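Take a look at the structure set out below.
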């Protein structure tokens, strides 16, 4: 923990008094040096919720005192602090039905799931989607979005999460510890990959010819796509005000459920990262409560 000057919003930025900050894998990759988008020292944190304290030049649609949520910037840093200066184009009015901790748990993971389904897979009613890592933070939103879009959802997750995923809309839950999904599935329209690795590769064989795999974890080599006759897309989430507004509407219409598993104080950020690295913690998003 350190004391630093309060930042001032530049053009296109908001100054936000942070109430809560989401903790995610991007933060861990930045801490580990796997992602190097800006020089040290830096403040971790891609997701935040709080109140607008000041507004930079060239910003419209926000007023001081607004309760907002979203992501910070192209580097996905700066949220683990009492004040942050996110890009206004990555922020939106907080869902009225959620508190700050719940709102801070949403932006990266919910928008990732939304883009997987609608911007890249272009799912349509009646299709079948296999969701890898369905009990994770991205996967749980993918289950909800897909089910509500009329897609038949097959979720891959631990058996302990079966009831939870069924409630979210999964028609079938495959326990990855006791069953290999590729032995019982074929002709799937879409695979949504939040796992990567050999699980991703095994899933290519369950897609129908011309089917698509969308991953937020890692790309699929072209030769593998050609071997299976499928398409694959790897992308980095693009959080925008418009997408956040749509997600806010769904929360306020009670069509989405947030899942916060652990809430820690800002000074316990290191413990949060131990959890990201494998220390035991409940299912759901890790969030830092600030102030």
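In my numbering, the protein residues as written are 192 to 482.
Beta carbons: idealized from backbone N, C-alpha and C, even for Gly.
In this text, all values refer to a predicted model and were calculated from it rather than measured experimentally.
Inter-segment contact for the segment 403-417 and the segment 442-453 is absent: fewer than three beta-carbon pairs are separated by less than 8 angstroms. For residue 468, the three-state secondary structure derived from DSSP is coil. The shortest CA-to-CA distance from residue 451 to any of 475, 442, 244 is the one to 475.
Note that the C-beta distance between residue 219 and residue 239 is not below 8 angstroms. The straight-line gap separating the alpha-carbon atoms of residue 402 and residue 420 is approximately 8 angstroms.
Annotated as distal: residue 250 and residue 285, with beta-carbon spacing of 8 angstroms or more. Taking every protein chain shown into account, the CB of residue 377 has fewer than 16 other CB atoms within 10 angstroms, so this residue is exposed.
Note that the C-beta distance between residue 268 and residue 233 is below 8 angstroms. In the DSSP assignment, residue 284 falls within the unbroken beta strand (DSSP E) covering 282-284.
Here residue 204 carries a strand assignment [DSSP, helix/strand/coil].
Residue pairing by DSSP places residue 331 in no beta bridge whatsoever. Take the alpha-carbon of residue 224 and the one of residue 317: they are about 42 angstroms apart. In the three-state reduction of the DSSP assignment, residue 406 falls in the strand class. Taking every protein chain shown into account, the CB of residue 477 has 16 or more other CB atoms within 10 angstroms, so this residue is buried. Beta-bridge partners assigned by DSSP to residue 287: none are found. The C-alpha of residue 252 lies about 21 angstroms from the C-alpha of residue 270. DSSP places residue 433 inside the alpha helix (DSSP H), whose first and last residues are 432-443. Boundaries of the beta strand (DSSP E) harbouring residue 343: 343-348, taken from the DSSP string.
DSSP lists 204 as the beta-bridge partner residues of residue 278. For residue 274 against residue 208, the beta-carbon gap comes to about 6 angstroms, under 8 angstroms, which counts as contact.
By the Cβ rule, the segment 312-329 counts as touching the segment 378-386, because three or more pairs are nearer than 8 angstroms.
When the beta-carbon positions are compared, residue 329 and residue 337 stay at least 8 angstroms from each other. For residue 303, the enclosing alpha helix (DSSP H) begins and ends at 298-305.
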